Amino acid sequence: MVYETVRDADPTVADALAGERRRQENTLAMIASENHVSEAVMAAQGSELTNNYAEGYPGERYYGGCEFADDVEIAAIERAKELWGAEHVNVQPHSGSQANMGVYLAVLDPGDKILSLDLTHGGHLSHGHPANFAGQTYEVEQYEVDPETGYVDYEGLREHAEAFDPDIIVSGYSAYPREVEWERIQEAADAVDAYHLADIAHITGLVAAGVHESPVGVADFVTGSTHKTIRAGRGGIIMCDEEYADDVDSAVFPGAQGGPAMHNVAGKAVGFKEALTPEFEAYARQTVANARALADQLHEHGFEIVSGGTDTHLVLVDLRPSHPDTTGGTAEDALERAGVVLNANTVPGETRSPFDPSGIRAGTPGLTTRGFDEAACREVADLIARVVDAPEDDATIEGVATRVDELTDEFPLYE
Ligand SMILES: *Cc1c(COP(=O)(O)O)cnc(C)c1O
């Protein structure tokens, strides 16, 4: 691999890169936002395009020397249009958060009002948390999921919108396991004449593959991260109708960013091409089937699954009913020692702190990329249950770690 080139220049970083590669090979990456890109995507991201300055857009750059950058960006845009069916696409946002910033800058003024899902109910910092620029720039109120069902409270959202009169409603979430009903959110937005931003960061790949309903053509703006379920180069994307194209493009550059990270745009283009294949559609279907198997088997072990299951790539577990004395943080740490990497997560009706919440969130995009099927995911659920039932027991942790080693050997990451 290319990393060997680093060794002569910088042994410290070379050791860390080698360590990270081993870590990814030898553990189960179940952070729901993570995935394993192809070697082609990685190579594109490590290419000479990192040196290029391409401020502006294809055909309208501020500097010379952009003919190949243009080829790459046009390819990324054309493939994105084919994947998601949007009229206009901007592939320059450095991240999903930057994509959201681009939309806010395009249509909001400071002090305008955002209505978004509460972070502890599955929302995202970039939807207006006080610690984020959006929370500091705009007036934000939040809707919630129904505490009984775990589904978005669409009725409550509609009433909240009528009372608050927001300028934009944000949908699309970080820790929400169910299919989002874009039309119902659009109805609430229409009722109060607000824009609707659907942030599909987590489910870009599921939407592209037709495994989750698409908000394109429903919401005014659709944003996403390009490195989660879609498994392309790292960064963000904005999609909208032609009428908003100029506002969005100038909000991204020069509004929010300088030169685009063209090496990452190349990674997006390569990953989008891979996602246009029937193999990718099968991958997306398997990812959801695997998450369902994981949820089902965790439920068999007595875990409370938020919303009772999943329609997506992720499972949210509320540990309080089954393991009242085990926090999400304790579970996360014990699982990591056993080689299962997932994250502690807040759950609806959270009673602990966001720093050590009551739930864990587990995703199947990474496991599915390395070939896990439903049976393997059921076994992973068995392993998770063993650890969470005895998080302090070294023998249990060691036993699970041994089995994780076998599974990661059976499903190698990079040949
Ligand atoms: C991951 C995520 C983002 C932000 O993505 P970054 O690329 O990390 O900035 C935005 N919105 C949602 C809903 C996400 O899950």
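Per this note's numbering, the sequence shown starts with residue 269, numbered consecutively. We treat Cβ as the ideally placed atom computed from N, Cα and C, and that holds for glycine. If you're wondering where the values come from, they're calculated on a predicted model, not measured in any experiment.
Residue i: CB within 6 Å of a non-hydrogen atom of ligand 1
i, result
"D579", "no"
"S493", "yes"
"G627", "no"
"G364", "yes"
"A469", "yes"
"H392", "yes"
"S621", "no"
"R301", "The sequence given here has Ser at residue 301, not Arg. Yes, since a heavy atom of ligand 1 falls inside the 6 Å radius drawn around the Cβ of S301."
"S442", "yes"
Residues that DSSP places opposite residue i in a beta bridge
i, result
"V484", "A487"
"G418", "Answer by DSSP bridge pairing: none, since G418 is not bridged."
"R629", "L584 and N611"
"Q454", "In DSSP, Q454 forms no bridge with anything."
"V668", "Answer is none; V668 lacks a bridge partner."
"V438", "L465"
"V655", "V655 is not bridged to any residue."
"I498", "Bridge partners of I498: none, in fact."
"V408", "I382"
"V413", "V420"
Three-way DSSP call (helix, strand, coil) for residue i in this model
i, result
"S394", "helix"
"L285", "helix"
"M530", "helix"
"V460", "coil"
"I505", "strand"
"G492", "strand"
"A519", "helix"
"Y512", "helix"
"A297", "strand"
"L474", "helix"
"V538", "helix"
"D650", "helix"
"V309", "helix"
"V274", "helix"
"E549", "helix"
"V556", "helix"
"E430", "helix"
"E572", "strand"
"Q292", "helix"
"G684", "No information on residue 684 is available, as it lies outside the stretch 269 to 683 that the chain covers here."
"N303", "coil"
"H445", "Correcting the residue type first, residue 445 is Pro in the shown sequence and not His. Here P445 sits in coil by DSSP."
"D641", "coil"
"E678", "helix"
"N320", "coil"
"G634", "helix"
"D661", "coil"
"L544", "coil"
"P592", "coil"
"Q525", "coil"
"T578", "coil"
Residue-chain proximity (residue i, chain C), Cβ-Cβ < 7 Å
i, result
"Q525", "Absent from the structure is chain C; it holds one protein chain and no more."
**Report entry** Those runs of the beta strand (DSSP E) which lie wholly inside the region 599-624 and span at least 3 residues
**Finding:** 611-613
Report task. For the region 322-400, list the beta strand (DSSP E) runs that are entirely contained and at least 3 residues long, ordered along the chain. Result -> 356-358 and 381-385
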